[in-house]
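K.L.:
The structure follows.
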Amino acid sequence: MEIKPFENKYASYLSDESHIVGHADFIAFPENESDLSEVFCFSSKNKMSVTVRGAGTGLSGGAIPNGGVIVSTEKIYGEPVIEKTDGGCVLSVRAGVTLRRVEEYLSRGEYRFAPNPTEKNATVGGLFVSNAMGLNVLQAGRVWEHIAYVRWVDREGKVRQAHAKTAVRELVGNIKNWGAAVDFGLKLTSKDGVFWGVVYFFNTEEAAKDFIGAVCARRKKSDFTRLTLAAFAYFNAETLKIISEIRSAVSALEALPQFPSRAGAAVYAELSGKDDAAVTEELYIHAELFEKCGGDASDTLAAYGEDGLRKFRDMCHATVEALNGAEKMRKRKCVFGYVGEDGDICEVK
Ligand SMILES: Cc1cc2nc3c(=O)[nH]c(=O)nc-3n(C[C@H](O)[C@H](O)[C@H](O)COP(=O)(O)OP(=O)(O)OC[C@H]3O[C@@H](n4cnc5c(N)ncnc54)[C@H](O)[C@@H]3O)c2cc1C
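Per our numbering, the very first residue in the sequence shown carries number 10; after that it's consecutive.
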């Protein structure tokens, strides 16, 4: 495998979605473990740093090189394969495969990969290293909880394999023991269940936050064994304005109904469970809490089933994309975030 001197035609590999721009001396496109060993031997012999790069969708600059060799995982690719194990179903997948490909592969079967980060171009390797989470973090948790095993090449060029916990300890955020992940076993979850999603619009940001507080308090007190609050997200007024401004230019937003004109904030809540009646009952309770916080039933958008909910999930993704896009957008006072256990808003930007 060729370790190529860096040239301008590879300029897009110097940056990621953090918009920081780095610099590099070499770039390599390994296809397998022995190619990776070769790059690591080269970098160590020449005392150079290595920056592994997935799809470059990271928001925190982890894939930005600071000289040395860029190692792209885009050729560490192959068809995913489902393995039935004693502990359940596992999808064996290579590190450079995108989340979009994983979801396409699983779309016709009975299993899903439960974490649902909205950026489908991200690679499995990048999702693992960032311990990514989706809108459904309250239900599904983060990526590390859904990894059965990882195979990686360590800095000395040795191939290692371990359960997720050990791999995290050895491979992620450890200056001494870095390497590159090549293969993953992703734990799969059954697709059973009912899904309902509602966007609640409020006149003020305070009212929306009161609703979030009321739903979180209820979630703590109640018996949530028959259903879960699968996704919970907050949009402030400026963010809703941006969605209205971009909707004609973003095809994923075509299916989204118009927002009420006086909307000053919104909350998206997704409920899921095996029991239809329990989910419906909870929807009514949320509707009461919404009205208590000053909401009006006509100021909601609702849908059910994974296909029906796609427009709301796409709205969340398009929001992150817009807020992280052009500099003038990034300067606007937008707040969009996933709501955590205690009602705290984890901003995504
Ligand atoms: C519009 C938008 C929406 C987003 N939505 C979400 C979201 O909902 N949830 C969320 O958590 N994040 C989200 N992100 C952030 C981003 O998509 C995730 O962090 C993703 O996990 C990065 O994957 P990547 O393949 O692009 O990795 P990169 O950005 O290329 O790399 C990320 C880090 O992983 C390392 N890395 C990558 N592959 C390997 C490997 N094989 N071995 C070792 N190290 C490796 C890199 O060195 C770097 O440190 C979003 C980003 C955008 C732009």
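Every residue gets a Cβ at the ideal spot worked out from N, C-alpha and C, and that includes glycine. These numbers were taken from a predicted model, which means no experiment stands behind them.
From the DSSP output, which residues share a beta bridge with Thr237?
P.N.:
In the sequence shown, counting from the first residue as 1, residue 237 sits at position 228. Bridge partners of Thr237: Ser281.
K.L.:
Given a cut-off of 8 angstroms on the beta-carbon distance, is the pair Leu280 and Ala226 in contact?
P.N.:
Mapped onto the sequence shown, residue 280 falls at position 271. Mapped onto the sequence shown, residue 226 falls at position 217. Not closer than 8 angstroms, so no.
K.L.:
With 16 other CB atoms within 10 Å as the buried threshold, where does Ile66 fall?
P.N.:
Counting from one through the sequence shown, the residue named residue 66 turns up at place 57. The residue you asked about is not Ile; residue 66 is Thr in the sequence shown. Answer is buried; the Cβ neighbour count reaches 16.
K.L.:
Taking Glu214 as the reference, give the member of Ile354, Ser21, Val59 and Glu11 with the closest Cα.
P.N.:
The count along the sequence shown starts at 1 and reaches residue 214 at position 205. Nearest C-alpha to Glu214: Ile354.
K.L.:
Do Tyr22 and Ser81 count as a contact pair if the criterion is CB distance below 8 angstroms?
P.N.:
Indexing the sequence shown from 1 puts residue 81 at position 72. Indexing the sequence shown from 1 puts residue 22 at position 13. For Ser81 and Tyr22, yes; Cβs fall inside 8 angstroms.
K.L.:
With a floor of 3 residues, list each beta strand (DSSP E) that falls wholly inside the segment 26-91, ordered by position along the chain.
P.N.:
Fully enclosed beta strand (DSSP E) runs of 3 or longer: 35-37, 59-62 and 78-81.
K.L.:
Would you report the Cα separation of Gly63 and Pro74, rounded to the nearest angstrom?
P.N.:
Stepping through the sequence shown from its first residue, residue 63 is reached at position 54. Stepping through the sequence shown from its first residue, residue 74 is reached at position 65. Cα to Cα, Gly63 sits roughly 13 angstroms from Pro74.
K.L.:
Going along the chain, which residues of its own chain have a beta-carbon closer than 6 angstroms to the beta-carbon of Ala173, five neighbours each way excluded?
P.N.:
One-based indexing of the sequence shown puts residue 173 at position 164. Closer than 6 angstroms at Cβ, skipping near neighbours: Trp153 and Ile156.
K.L.:
Can a CB atom of chain D be found closer than 8 angstroms to the CB of Lys13?
P.N.:
The structure shown contains no chain D, having only a single protein chain.
K.L.:
Rounding to the nearest angstrom, what Cα-Cα distance links Val133 and Ala258 in this structure?
P.N.:
Reading the sequence shown from its first residue, position 124 is the one you call residue 133. Reading the sequence shown from its first residue, position 249 is the one you call residue 258. Roughly 29 angstroms between the two C-alpha positions.
K.L.:
Quick one: what does DSSP say Thr175 is sitting in, helix, strand or coil?
P.N.:
Working through the sequence shown from its first residue, we reach residue 175 at position 166. Of the three classes helix, strand and coil, the one that applies to Thr175 here is helix, per DSSP.
K.L.:
For the candidate residues Leu265, His295, Leu249 and Ala331, whose alpha-carbon lies nearest to that of Arg228?
P.N.:
Taking the first residue of the sequence shown as 1, we reach residue 228 at position 219. That would be His295, whose Cα lies nearest to the Cα of Arg228.
K.L.:
If we require 4 or more residues per run, which alpha helix (DSSP H) segments fall completely within the segment 141-193?
P.N.:
Counting only runs of 4 or more, we get 146-149 and 173-180.
K.L.:
Select from Phe15, Glu26, Lys18 and Glu16 the residue whose C-alpha is nearest the C-alpha of Ala335.
P.N.:
Stepping through the sequence shown from its first residue, residue 335 is reached at position 326. Taking only the C-alpha atoms, the option nearest Ala335 is Glu26.
K.L.:
What I want to know is whether the C-beta of Gly63 ends up closer than 7 angstroms to one or more non-hydrogen atoms of ligand 1.
P.N.:
Position 54 of the sequence shown, counted from the first residue, corresponds to residue 63. Under cutoff, so the answer is yes.
K.L.:
DSSP puts Asn125 in a beta bridge; with which residues?
P.N.:
Position 116 of the sequence shown, counting from 1, holds the residue named residue 125. DSSP, once it has assigned bridges, lists no residue as partnering Asn125.
K.L.:
Does DSSP classify Ala275 as helix, strand or coil?
P.N.:
The residue given as residue 275 occupies position 266 in the sequence shown. Note: Ala275 maps to strand in three-state DSSP.
K.L.:
So is the beta-carbon of Val138 under 7 angstroms away from any non-hydrogen atom of ligand 1?
P.N.:
As a position in the sequence shown, residue 138 is number 129, starting the count at 1. Answer for Val138: yes, Cβ within range of ligand 1.
K.L.:
At the level of alpha carbons, what is the spacing between Phe51 and Tyr313?
P.N.:
In the sequence shown, counting from the first residue as 1, residue 51 sits at position 42. In the sequence shown, counting from the first residue as 1, residue 313 sits at position 304. Each residue's Cα considered, the two are about 53 angstroms apart.
K.L.:
If contacts are defined as beta-carbon pairs under 8 angstroms, then Gly76 and Val59 qualify, I think. What distance do you get, rounded to the angstrom?
P.N.:
The residue given as residue 76 occupies position 67 in the sequence shown. The residue given as residue 59 occupies position 50 in the sequence shown. Not really, about 10 angstroms apart at Cβ, beyond 8 angstroms.
K.L.:
Let me check understanding here. Comparing Cα to Cα, which of Tyr114, Ser199 and Val177 lies closest to Gly87?
P.N.:
For the purposes of this step, residue 87 is taken as the residue at position 78 of the sequence shown. The residue with the shortest Cα to Cα distance from Gly87 is Tyr114.
K.L.:
Specify the secondary structure class of Val99 as computed by DSSP and reduced to three states.
P.N.:
Position 90 of the sequence shown holds residue 99. Strand, per DSSP.
K.L.:
Please list the terminal residues of the continuous beta strand (DSSP E) segment that includes Thr309.
P.N.:
Walking along the sequence shown from the start, residue 309 turns up at place 300. Counting along the chain, the beta strand (DSSP E) containing Thr309 begins and ends at Thr309 to Tyr313.
K.L.:
In terms of alpha-carbon separation, which member of Asn125, Thr248 and Gly182 lies closest to Gly370?
P.N.:
There is simply no residue 370 to check, as the chain begins at 10 and stops at 358 in what is shown.
K.L.:
For ligand 1, is there any heavy atom lying closer than 7 angstroms to the beta carbon of Glu83?
P.N.:
Your numbering for residue 83 matches position 74 in the sequence shown. No - ligand 1 has no heavy atom lying nearer than 7 angstroms to the Cβ of Glu83.
K.L.:
Work out the CA separation of Trp187 and Glu179 for me, nearest whole Å.
P.N.:
Residue 179 sits at position 170 when you count from the first residue of the sequence shown. Residue 187 sits at position 178 when you count from the first residue of the sequence shown. If I take the Cα positions, the gap works out to 7 angstroms.
K.L.:
Please classify Asp192 as buried or exposed, where buried requires at least 16 other C-beta atoms within 10 Å of its C-beta.
P.N.:
Start at 1 with the first residue of the sequence shown, and residue 192 comes out as number 183. Asp192 comes out buried.
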